[in-house]
Structure formats: structure tokens, C-alpha cells
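Student: Could you have a look at this structure, given as C-alpha cells, before my questions?
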Amino acid sequence: MLVNGKWTEDWQPVQAKDAKGGFVRQTSSFRNWVTPDGSAGPTGEAGFAAEADRYHLYVAYICPWASRTLIARKLKKLDNVVSVSVVEPELTDQGWRFGNYPGSNTDEVNGAIYLHELYSRADNNFTGRATVPVLWDKKRNTIVNNESADIVRMFNSGFGALADESVDLYPQASRADIDALNARIYPALNNGVYRAGFATTQIAYDEACHGVFAMLDELETRLDNTPFLLGTAFTEADIRLFVTLVRFDAAYHGLFKCNVRSLSQYPNLSTYVKRVLDIAGVRETVNIDHIKKGYYSIKSLNPNSIVPNGPDLSDLGL
Ligand SMILES: N[C@@H](CCC(=O)N[C@@H](CS)C(=O)NCC(=O)O)C(=O)O
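Here my numbering is used: the first residue of the sequence shown is 12, the next is one more, and so on.
Right under this line is the structure:
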């Protein structure tokens with residue numbers, strides 16, 4: 012991680028722990044918003060107006076949070092407005108690295124080798140982990156925002172007519188329902204799999220794992236009669252659920268010990284994942300090779316970095 016803008020060798024993604032040995036995720040530090048007229052958003056400062064070719068998104072295909080932003084960018088047809096760089100799948104001893112691994116790029120915008128260079132360029136006193144996603148402003152040479160939940164909403168409504176305004180991932184009338192679902196699905200499932208995987212006590216693991224499967228069971232029932240979480244409209248709540256489900260059998264079932272059931276044993280959730288993959292633009296944001304390689308390279312969980320051959324994901328076309 013970075014300490015006062017300098018890289019230190021503590022690179023494992025085991026972050027803070029709570030009193031019971033549970034995993035605690037770092038909160039995001041750059042919280043400015045792109046808005047159509049450059050006025051300030053809900054947090055941070057003003058001065059980040061929507062413009063084509065001004066903003067650049069740094070992501071990892073392995074990362075579910077970064078993948079949220081990739082999906083929102085595709086669905087809002089911002090491909091030609093916001094450019095993207097993809098880091099290599101394996102965390103190195105200096106964190107995320109740019110390079111030539113298939114599907115990854117070098118950093119054409121800043122010429123960085125490691126993602127942490129962007130954090131210290133944006134704030135030469137930064138202390139914290141250098142996480143993806145990062146939304147970078149090429150004009151002001153700084154990080155706009157490194158919180159995926161914010162970036163998804165910015166892509167949805169911050170780019171005005173530069174984006175496809177016929178797509179609304181956070182419709183006014185559904186906001187309370189979306190927020191309520193997010194508030195339950197994030198701790199139990201999206202972050203719950205990480206809390207299970209990185210637990211350092213049996214009690215922390217048991218609690219997290221139980222929460223994961225209770226939520227999957229509930230969602231399986233919820234999807235009995237509805238194509239998406241809130242009915243026929245696909246919203247940001249679906250993006251947030253999908254990114255976890257599509258990684259479930261490939262990574263969380265094995266590496267994170269979330270193995271009470273596999274996703275393939277949930278018929279509605281499996282059909283749901285296929286349905287989302289079939290939305291134009293979504294499938295190209297999913298790279299199973301990066302996901303497996305990336306998760307199974309986490310040395311604290313898998314010291315020899317051996318990547319399993321399975322599972323068979325051909326049902327999903329992956
Ligand atoms: N709050 C952030 C979390 C992002 C996050 O935790 N990213 C992980 C990858 S999945 C990361 O970059 N970890 C690198 C590290 O911890 O050193 C968001 O949702 O945007």
C-alpha cells in the first residue's frame with residue numbers, strides 16, 4: 012500500500028480486521044463527481060464537467076467493483092467518451108501492474124507501470140491501498156473518483172447527452188427500492204464472499220458464509236417470477252448482483268470457501284446470469300481467465316498460485 016505517497020511492501024489484500032477476525036474493506040478516498048455542467052456532485056469538489064475524451068477508467072477484469080463500472084460504461088454507450096485501461100490479473104508485490112498479459116493494456120495515458128503511481132501523482136501524500144476502479148481526469152491530471160458505486164451513478168447521469176439517455180440504471184421511481192436492495196446485498200453477498208474468504212477465525216467465516224447462502228436462497232426465490240431484481244427493468248442493483256454471481260463458481264466457491272452450494276445449483280440465479288450476459292455489451296466485460304488467474308494468485312489464500320482447471324462454465328458460454 013502507499014504510505015504518504017510512497018509504496019510499502021505490504022501488498023496482500025487482507026486489509027483491516029474487526030475484533031472477531033473479520034475482513035474490513037477500506038473506504039474510498041477520491042469522491043469527486045463528473046456532472047454535465049461541472050458543478051459539484053453529492054461529495055467532493057466542483058470542476059469535473061462532462062466532456063468527450065477527458066476521462067479515463069482504470070480497471071481490473073478480476074475485480075467485481077471495477078466491473079460494475081465497465082458494465083455501466085457499456086450500457087450507457089460511453090465507449091467513445093471514456094477510454095479504458097485494464098491491469099494485469101495478478102496482484103504483484105507493488106499491487107496492480109499494467110502490461111501485456113492477454114486482455115490487459117499498458118497505460119497509454121500516464122505511462123505508469125503500477126496503478127499506485129496514479130494515486131501518488133494525484134496526491135503525493137496519499138496513504139492507503141491503490142484500488143481499482145479509478146476514474147482519471149486527463150485535463151486536471153488527477154483522480155476524480157475511486158468508488159465504483161459513485162462511478163456507476165456518474166456514468167448513468169453525469170455525462171448528459173454524451174451518454175445514451177434512454178437507458179436509466181437508477182430511475183427516480185425505483186431509487187428507494189434500489190438503495191434498499193443494495194444495502195442488503197452488499198454486506199451479505201458482494202462483500203460477504205470476501206468476508207468469508209479472508210476471515211481469520213472460524214466464527215467470522217461461519218457468519219459470513221451463512222449470510223452469503225441466506226442471501227442467495229432469498230434471491231433465488233425473488234427471481235421466481237421476474238427477469239430482473241426489480242421486475243422487467245434492468246437497474247444498477249442488477250449490475251451489482253451480477254458481478255458477484257458471475258464470479259461465484261469460478262472463484263468464490265473454491266478459493267473463498269463459499270461451497271455450501273454452487274451457483275449452478277440455483278436454477279433461477281443461473282438463468283439470471285445468462286440473461287444478463289446476453290444483454291448487448293455485458294459479456295465483453297467478463298474475462299474468466301483474468302478472474303481465475305487473479306483470485307487464485309492471492310498468495311495469502313493460495314501460496315502456490317495454482318489455478319484450478321474447472322469449473323465447467325460452458326452453460327453460461329464462458
Ligand atoms: N470501494 C471500492 C473497492 C475497490 C476494491 O476493493 N478493489 C480491489 C480489487 S477487487 C483492489 O483494487 N484491491 C487492491 C488492493 O487492495 O491492494 C469500490 O467499490 O470501488
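For every residue, glycine included, the Cβ atom is placed at its ideal position computed from N, Cα and C.
Label V155 either buried or exposed according to how many other C-beta atoms from any shown protein chain fall within 10 Å of its C-beta, with 16 as the threshold for buried.
Tutor: Stepping through the sequence shown from its first residue, residue 155 is reached at position 144. Its Cβ being crowded by 16 or more others within 10 Å, V155 is buried.
Student: By the DSSP assignment, the beta strand (DSSP E) with H264 in it spans what residues?
Tutor: The residue labelled residue 264 in the question sits at position 253 within the sequence shown. Per DSSP, H264 belongs to no beta strand (DSSP E) and is neither H nor E.
Student: Within the present structure, is the beta-carbon of A133 separated from the nearest heavy atom of ligand 1 by less than 7 Å?
Tutor: Counting from 1 along the sequence shown, the entry for residue 133 is found at position 122. No, since every heavy atom of ligand 1 falls outside the 7 Å radius drawn around the Cβ of A133.
Student: Which of helix, strand or coil does DSSP assign to A191?
Tutor: For the purposes of this step, residue 191 is identified with residue 180 of the sequence shown, where counting begins at 1. It is helical.
Student: Answer yes if the region 150-164 comes into contact with the region 129-139, meaning at least three C-beta pairs across the two stretches below 8 Å, and no otherwise.
Tutor: These segments touch.
Student: What is the DSSP secondary structure of D351, reduced to helix, strand or coil?
Tutor: The chain is shown only over 12 to 329; residue 351 falls outside these bounds and no answer can be derived.
Student: Given a cut-off of 8 Å on the beta-carbon distance, is the pair Y307 and N298 in contact?
Tutor: Working through the sequence shown from its first residue, we reach residue 307 at position 296. Working through the sequence shown from its first residue, we reach residue 298 at position 287. Taking 8 Å as the Cβ cut-off, Y307 and N298 do not qualify as a contacting pair.
Student: Looking at the secondary structure, which residues open and close the alpha helix (DSSP H) in which N156 lies?
Tutor: Position 145 of the sequence shown, counted from the first residue, corresponds to residue 156. Element bounds for N156: not the alpha helix (DSSP H) but the beta strand (DSSP E), 153-156.
Student: When you compare each of Y205, M226, E56 to I309 by their alpha carbons, which one comes out closest?
Tutor: Taking the first residue of the sequence shown as 1, we reach residue 309 at position 298. Nearest of Y205, M226, E56 to I309, Cα basis: Y205.
Student: Please name the residue in L266, R286, G292 whose C-alpha comes closest to that of Q316.
Tutor: As a working note, residue 316 is residue 305 in the sequence shown. The question names Gln, but residue 316 in the sequence shown is Ser. Measuring from the Cα of S316, the nearest candidate turns out to be L266.
Student: Using the rule of at least 16 other Cβ atoms within 10 Å of the residue's Cβ for burial, across every protein chain shown, is V14 buried or exposed?
Tutor: As a position in the sequence shown, residue 14 is number 3, starting the count at 1. By the neighbour-count rule (16 or more Cβ atoms within 10 Å), V14 is not buried but exposed.
Student: Measure the CB-CB distance between P322 and D260 and report whether it falls below 8 Å.
Tutor: Along the sequence shown, one-based indexing puts residue 322 at 311. Along the sequence shown, one-based indexing puts residue 260 at 249. Cβ atoms of P322 and D260: closer than 8 Å.
Student: Can you grab the Cα-Cα spacing for the pair E295 / S115, in whole Å?
Tutor: Stepping through the sequence shown from its first residue, residue 295 is reached at position 284. Stepping through the sequence shown from its first residue, residue 115 is reached at position 104. About 13 Å.
Student: Looking only at DSSP bridge pairs, what is R42 linked to?
Tutor: For the purposes of this step, residue 42 is identified with residue 31 of the sequence shown, where counting begins at 1. Answer is N156.
Student: Three-state secondary structure (DSSP) at T103?
Tutor: Start at 1 with the first residue of the sequence shown, and residue 103 comes out as number 92. Of the three classes helix, strand and coil, the one that applies to T103 here is strand, per DSSP.
Student: Could you give the DSSP three-state label for F239: helix, strand or coil?
Tutor: To locate residue 239, count along the sequence shown from 1; it is residue 228. Reduced to three states, the DSSP call for F239 is strand.
Student: Using 8 Å for Cβ pairs, my map puts Y125 next to R140. What's the rounded Cβ distance?
Tutor: Residue 125 sits at position 114 when you count from the first residue of the sequence shown. Residue 140 sits at position 129 when you count from the first residue of the sequence shown. Their Cβ separation, rounded to whole angstroms, is 12 Å, which puts Y125 and R140 out of contact at 8 Å.
Student: Look up D72 in the DSSP assignment and say whether it is helix, strand or coil.
Tutor: In the sequence shown, counting from the first residue as 1, residue 72 sits at position 61. Note that residue 72 is Tyr in the sequence shown here, rather than Asp. The answer is coil: DSSP assigns Y72 none of H, G, I, E or B.
Student: In its own chain, which residues sit with a C-beta less than 7 Å from the C-beta of W18, not counting the 5 before and 5 after it?
Tutor: One-based indexing of the sequence shown puts residue 18 at position 7. Contacts found: Q105, H127.
Student: Name the two residues that bound the continuous alpha helix (DSSP H) containing L146.
Tutor: If you number the sequence shown from 1, residue 146 lands on position 135. Segment 145-148 is the beta strand (DSSP E) holding L146; no alpha helix (DSSP H) there.
Student: Nearer than 7 Å: is that true of the beta carbon of A141 relative to any heavy atom of ligand 1?
Tutor: As a first step, residue 141 must be located in the sequence shown, where it is residue number 130. Within the cutoff, so yes.
Student: Between the Cα of G171 and the Cα atoms of Y72, T211, D326, G49, which residue gives the shortest distance?
Tutor: Start at 1 with the first residue of the sequence shown, and residue 171 comes out as number 160. Among Y72, T211, D326, G49, the Cα nearest to that of G171 is on G49.
Student: So, at 7 Å on beta carbons, what are the nonlocal neighbours of I290 in its own chain, with the 5 sequence-adjacent residues on each side left out?
Tutor: To locate residue 290, count along the sequence shown from 1; it is residue 279. Counting only Cβ-Cβ distances below 7 Å, and skipping sequence neighbours, we find F245.
Student: Got a sec? Which residues, its chain only, sit under 8 Å from N270 by beta carbon, not counting five neighbours each side?
Tutor: The sequence position of residue 270 within the sequence shown is 259, counting from 1. These residues qualify, in order along the chain: H264.
Student: Which residues in the same chain have their Cβ closer than 6 Å to the Cβ of R272, if we skip the five residues on either side of it in sequence?
Tutor: Taking the first residue of the sequence shown as position 1, residue 272 is located at position 261. Closer than 6 Å at Cβ, skipping near neighbours: no residue.
Student: Does ligand 1 have a heavy atom nearer than 7 Å to the CB of N157?
Tutor: Along the sequence shown, read from residue 1 onward, the residue named residue 157 stands at position 146. N157: yes, Cβ under 7 Å from ligand 1.
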